[in-house]
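Here the structure comes first, spelled out in structure tokens, and everything after it is commentary.
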Amino acid sequence: MLGFAGRRLPYLVPVLIAVTLLTFLIAALLPGDLAVALLADQATPEKVAALRHEMGLDAPLVLQYLHWVGGVVEGDFGRSFRTGEPALSAIIQRLPVTVELMLFAELIALVIGVPLGILCAVRSGGAFDRLMTSTAFGMLSVPAFMSAIVLIFVFAVRLKLLPATGYVPLDEDIVGNLRSFVLPAATLGLGEWPVLMRVLRSDMIATLQEDYIAMARAKGLKPWRILLVHALKPSSLTLVTVTGINIGRLIGGAVLVETIFALPGIGRLLIGAIYTRDFVILQGVVLFVATAFVLINFVVDMLYGVLDPRIRHGRA
Amino acid sequence: MAALDVEVEQAATTPARRGRLVFWLAVAWIAIVASAAIAADWLPLTSPSEMDLLARRAGPGADHWLGTDALGRDILSRLVFGARISLTIGLIAPMLGLVIGAGMGMLAGYFRGWLETLVVGSIDVLLAFPPLVLALAITTYLGQSVLNITITLGILSIPALTRVARAATMTFAERDFVTAARALGAGHGRILMRELLPNIALPLIAFFLLAVAVIIVVEGALSFLGLGVPPPTPSWGGMIAEGRDSLDTAPSIAFLPAGTMFLTVLAFNMVGDRLRALTDPRPGAL
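Residue numbers (this note's numbering), protein chains in the order written: chain A, 22 to 337; chain B, 5 to 290.
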């Protein structure tokens with residue numbers, strides 16, 4: 022297993038370097054001078070030149086990059102021009118909210134998606150399967166901001182059961198905290214379960230045609246035992262990968278959902294940075310999110326190897 | 005009534021025929037939205053930015069067929085003009101991705117070697133950024149305009165289309181007809197354009213349509229956040245965001261653009277999925 026991780030590691034480094042390079046280049050190469058943007062209507066050529074020098078923007082691009090990456094490696098993502106807050110600590114401070122949101126959402130998606138996937142696979146082609154497959158297909162066309170509006174309308178405006186916006190810190194009030202997460206997490210989860218259901222369903226249909234399942238049936242094992250014990254684990258490989266890959270989508274969704282429901286997570290930090298043109302925070306969040314995404318996918322790759330030994334021995 | 009009878013009759017028949025009906029309904033919806041968007045200037049609509057302050061949040065009526073929003077602007081007119089933005093960006097951005105992605109994917113799948121490593125590597129880097137986050141970052145620097153948003157979303161659609169093109173090219177590159185063409189003295193350019201391109205066109209078009217659906221959603225998300233096409237130009241995402249404040253009094257202000265957008269995205273997904281299924285013989289495959 023360690024050897025497998027070691028073999029994969031060399032792929033990780035160039036991707037991470039390229040991610041920092043691209044994050045840097047987006048900021049450095051695109052039109053729009055940071056100094057001019059910061060000075061806004063006070064921008065005179067002298068002031069711009071002075072500020073550019075102060076921020077190191079007049080150095081050659083390569084040096085700027087190396088300087089910036091050097092800081093990043095040491096955990097220095099720069100400081101917000103507006104508040105002076107270090108970007109990394111701003112991110113880490115808001116990370117728990119985003120992580121809680123994503124875990125909650127993934128949980129909702131799994132709770133809906135996995136049973137439905139199994140049920141559809143058991144009678145594939147039946148009425149229930151056709152209904153759920155179409156529903157899942159339809160749900161995939163519903164963007165997060167749309168389901169958010171519907172959920173707010175039903176549960177906050179009409180039924181008045183849950184708060185439409187607002188956030189209660191976990192250490193203040195656990196119930197209040199969970200309540201403030203229900204609608205945001207449900208919004209994200211509603212977009213996720215169809216993906217999980219479709220993946221599990223199609224893998225499960227394939228697994229249920231294997232000989233050893235017929236053998237288990239012939240031995241008279243209980244149907245639910247066959248499904249949950251014999252068929253689920255080998256069918257969950259793609260599910261694990263897709264869960265990992267979808268974290269990227271989930272982060273994009275979290276940006277929207279945190280903004281809609283006013284949750285103080287990384288996504289809201291990003292949007293706030295964009296509104297206030299706080300480029301250091303923006304760059305920091307983009308780099309952080311992309312790096313996290315690459316690392317998570319690396320871990321998922323590893324997990325894939327744990328679930329299916331053929332992969333780590335290079336025979337799949 | 006005759007039309008209704010026909011519909012009921014068809015719905016009761018086999019799943020395959022029902023699938024075909026749904027497919028054509030989806031095509032029809034796309035056609036309606038597209039022609040409304042193209043003909044918007046000639047349609048008898050009030051201006052999308054004209055405010056009827058005496059009729060704010062009005063329900064459907066003779067003056068405003070679908071009612072008005074919180075500023076008294078005609079919702080139908082805003083939907084039609086919003087379709088222009090959604091479809092312009094939704095179609096042109098993936099086209100940009102299609103041209104670049106198909107080009108890179110075909111070259112990578114045909115020549116293999118270092119070129120393939122380079123292409124696959126660059127795609128992996130681009131895929132390391134969550135699409136919405138990357139779109140937000142780029143548009144922040146470029147500025148919000150239809151052109152800039154189209155370019156940004158076009159870049160975002162490159163990786164997926166490159167992958168499809170590369171995978172499809174690889175399945176055909178070793179086939180006998182390519183070997184035969186080569187034996188007849190065809191150069192690389194001719195093989196790529198005359199032998200391979202026609203064969204991978206269908207999967208590419210299918211994924212292009214799926215990409216259109218995704219891009220319409222991402223554009224909607226940008227507009228919803230107020231970071232898409234700047235107002236007063238109407239856009240579906242922006243309309244949904246504005247309607248949010250009136251959810252308690254006039255929910256239709258948010259639900260009408262949401263419904264329109266949903267149907268449009270669903271229609272592109274359905275048509276794309278149908279075409280993709282044609283090229284992928286596995287039943288029920290993803």
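All C-beta atoms, glycine included, are put in the ideal place defined by N, C-alpha and C. The structure displayed is predicted, hence computed values, not measured ones.
Asked, Found
"What's the C-alpha gap between A:L31 and A:R200?", "It is worth fixing the name first, because residue 31 of chain A is Pro in this sequence and not Leu. Going by the C-alpha atoms only, they are around 44 Å apart."
"Buried or exposed for B:V10, please, with buried defined as at least 16 other CB atoms from any protein chain shown within 10 angstroms of its CB.", "Residue placement at B:V10 cannot be trusted, given a pLDDT of 38 that sits under 50; what the coordinates show is reported in the next sentence. Under this definition B:V10 is an exposed residue."
"Could you say if the stretch 216-227 of chain B and the stretch 77-93 of chain B meet the contact criterion of at least three C-beta pairs nearer than 8 Å?", "yes"
"Would B:D252 pass as an interface residue toward chain A - the criterion being a Cβ-Cβ separation below 8 Å?", "yes"
"So if DSSP puts A:P107 in a beta bridge, which residue, or which two residues, is it bridged to?", "A:R100"
"Tell me the rounded alpha-carbon separation between A:L242 and A:M236.", "9 Å"
"Checking the sheet assignment: what are the DSSP bridge partners for B:T1?", "Residue 1 of chain B lies beyond the range of chain B shown here (5 to 290); nothing can be said about it."
"Please check if any C-beta of chain A sits within less than 8 Å of the C-beta of B:A215.", "no"
"Would you mind telling me which residues of chain B sit closer than 7 Å to A:V135, beta carbon to beta carbon, in chain order?", "Under the 7 Å cutoff, chain B gives no residues; its nearest Cβ is about 16 Å from A:V135."
"Would you say B:D73 lies against chain A (beta-carbon separation less than 8 Å)?", "no"
"Measure from the alpha carbon of A:V107 to the alpha carbon of each residue in A:I139, A:A206, A:T262, A:F300, then state which is nearest.", "Correcting the residue type first, residue 107 of chain A is Pro in the shown sequence and not Val. When each option's Cα is compared against that of A:P107, the closest is A:F300."
"Which of the three DSSP states, helix, strand or coil, is assigned to B:S256?", "helix"
"Mapping DSSP to helix, strand and coil, what is A:A200?", "With the sequence shown as reference, residue 200 of chain A is identified as Arg, and Ala is not the correct amino acid for it. Helix."
"Start and end of the alpha helix (DSSP H) containing A:H74?", "66-75"
"List, from N- to C-terminal side, the beta strand (DSSP E) runs of 3 residues or more that fit wholly inside the stretch 18-45 of chain B.", "none"
"Tell whether a beta-carbon distance below 8 Å holds between B:L260 and B:L70.", "yes"
"Below 7 Å on C-beta distance, what does A:G273 contact in chain B?", "P134, P135, L136, V137"
"Scan the stretch 237-266 of chain B for residues whose Cβ lies nearer than 8 Å to a Cβ of chain A and list them as they occur along the chain.", "G241, I244, A245, G247, R248, L251, D252, P255, A258, F259, A262, M265, F266"
"Output, in chain order, the set of chain B residues within a Cβ distance shorter than 9 Å of A:A64.", "In chain order: nothing, as chain B lies at least about 16 Å away."
"Considering only their Cβ atoms, is the gap separating A:I112 from A:I287 smaller than 8 Å?", "yes"
"Which residue comes first and which comes last in the alpha helix (DSSP H) that contains A:A237?", "232-239"
"What is the DSSP secondary structure of A:K254, counted as helix, strand or coil?", "helix"
"Using a Cβ-Cβ distance cut-off of 8 Å, determine whether B:V233 contacts chain A.", "no"
"Examine the ligand HEM and report whether any of its heavy atoms sits within less than 7 Å of the Cβ of B:A32.", "The ligand content of the structure shown is nil, which means the ligand HEM is not present either."
"Cβ atoms of B:P52 and B:D78: under 8 Å apart, would you say?", "yes"
"Do we get a CB-CB distance below 8 Å when we pair A:I234 with the residues of chain B?", "no"
"If you compare alpha carbons, which of B:R280, B:R116, B:V269 is closest to B:A38?", "B:V269"
"Does B:L165 get closer than 8 Å to chain A when you measure Cβ to Cβ?", "no"
"Can you pull out the residues from the stretch 175-206 of chain B whose beta carbon lies closer than 8 Å to at least one beta carbon of chain A?", "none"
"Which residue wins for smallest C-alpha separation from A:V40, given the options B:A217, B:W33, B:N273, B:D128?", "B:D128"
"Is the beta carbon of B:F272 sitting closer than 8 Å to the one on B:L206?", "no"
"Taking the beta carbon of A:Q304 as the centre, do at least 16 other beta carbons fall within 10 Å, making it buried, or is it exposed?", "buried"
"From A:L84 to A:I139, what does the alpha carbon distance come to, in whole angstroms?", "55 Å"
"Consult DSSP for B:G147 and reduce its assignment to one of helix, strand or coil.", "coil"
"Relative to the C-alpha of B:E178, which candidate in B:S256, B:A132, B:Y114 has its C-alpha closest?", "B:Y114"
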